[in-house]
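Convert by adding 956 to the 1-based position in the sequence shown; the result is the number in the numbering used here.
Glycine residues also receive a C-beta, built at the ideal position from the N, C-alpha and C atoms.
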Amino acid sequence: MGAKQARFELFIDVYEKKQQVAQTLTNIPTGELVESILKEFRRDFDFLGQNPDAYCLIKQDGSVLSNNRTLDKQVSNKERLIFSEAMPNMPEAGQPMARRIYLREHPSGNSYRLHWQPAIVGRFDNQASNDLLAVDLGSHPNGLRVSRRQFEITETGGHFYIESLSPNPTTITDSTGRPIQVDRRQVLQHGDLITLDRSQITFKVIISD
957 MGAKQARFEL FIDVYEKKQQ VAQTLTNIPT GELVESILKE FRRDFDFLGQ NPDAYCLIKQ
1017 DGSVLSNNRT LDKQVSNKER LIFSEAMPNM PEAGQPMARR IYLREHPSGN SYRLHWQPAI
1077 VGRFDNQASN DLLAVDLGSH PNGLRVSRRQ FEITETGGHF YIESLSPNPT TITDSTGRPI
1137 QVDRRQVLQH GDLITLDRSQ ITFKVIISD
């Protein structure tokens, strides 16, 4: 019989679910544990995405674990960790959102947190405002039907707004099922659906305090 593989017992805070117990092999890449957390808690937190590179584990001293290094090189048994979203660099022209807002694509389940405003949704290019691109749909199967600057989302006074940046049509469907063409600045509410009409890409708006 082979030798028993070493394991860690770790205590992980996953948002408001504190000290969730994880029994894990010590020699796996940290990213594998992050991926397991995403799979286990996606039903509890509908804003969670599927890309482990967008998330990280943080030690009590504030140091961030590398997803590419194994656990045994970074933590000890019985250690307490915090599961968190990886924070991208803030664009020079961007301002942080005061509240958390996500766009969750239907039906893929891909989720995008909008960390700054204005948060532009579109496709990557070499325009001057490219660093404000928060959601790049260039690799999406229907991405070529998306404008390079389709729309932007901003926050003012605790409320979120969407504004079209392109003649390429965008439609909001509110909680009553009423479609609203985005032809001017519109208020966004939790649960609204945003559809990019030509590409038929749809996002659910998730606002989490």
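Assumed close pair residue i, residue j - CB separation to whole angstroms, cut-off 8 angstroms
i: I1160; j: H1062; result: Note that residue 1160 is Lys in the sequence shown here, rather than Ile. At roughly 6 angstroms, the Cβ-Cβ gap stays under 8 angstroms, so K1160 and H1062 are in contact.
i: L1121; j: Q1106; result: 6 angstroms
i: L1013; j: T980; result: About 11 angstroms; that fails the 8 angstroms criterion.
i: S1103; j: N1082; result: Between N1082 and S1103 the Cβ distance is about 15 angstroms, and since that is not below 8 angstroms, they are no contact.
i: Y1011; j: A1042; result: 6 angstroms
i: R1154; j: R1101; result: 5 angstroms
Straight-line gap, residue i to residue j (C-alpha atoms, nearest Å)
i: I984; j: Q1073; result: 37 angstroms
i: M957; j: F967; result: Legend: pLDDT at M957 = 47, less than 50; position of this residue unreliable, value from coordinates given subsequently. C-alpha separation (whole angstroms): 30 angstroms.
i: E972; j: N1007; result: 21 angstroms
i: Q1030; j: R1134; result: 51 angstroms
i: L1149; j: S1164; result: 16 angstroms
i: Q1156; j: I1162; result: 19 angstroms
i: Q1137; j: G1078; result: 18 angstroms
i: K974; j: R1060; result: 25 angstroms
i: D1197; j: V970; result: One cannot answer for residue 1197 here, as it falls past the ends of the chain, which runs 957 to 1165.
i: A962; j: L1037; result: 19 angstroms
i: L1152; j: T1129; result: 11 angstroms
i: E988; j: F964; result: 14 angstroms
Buried versus exposed call for residue i [16 or more other C-beta atoms within 10 Å across all chains shown]
i: R1141; result: exposed
i: G1147; result: exposed
i: T1112; result: exposed
i: V1091; result: buried
i: S1131; result: exposed
i: F1080; result: exposed
i: K960; result: exposed
Identity of the residues DSSP links to residue i by a beta bridge
i: Q1142; result: I1118
i: V1031; result: DSSP output for V1031 lists no bridge partner at all.
i: A971; result: Reading the sequence as shown, one finds Tyr at residue 971 and not Ala. In the DSSP output, where bridge partners are listed per residue, Y971 has none listed.
i: L1089; result: I1076
i: P985; result: T1026
Among the options, nearest to residue i - alpha-carbon criterion
i: G1114; options: T1126, F1080, R1056 and G1094; result: R1056
i: I993; options: E1048, S1040 and N1045; result: S1040
i: Y1117; options: N1098, I1076 and L1093; result: I1076
i: E991; options: N1024, L1144, A1049 and Y1058; result: N1024
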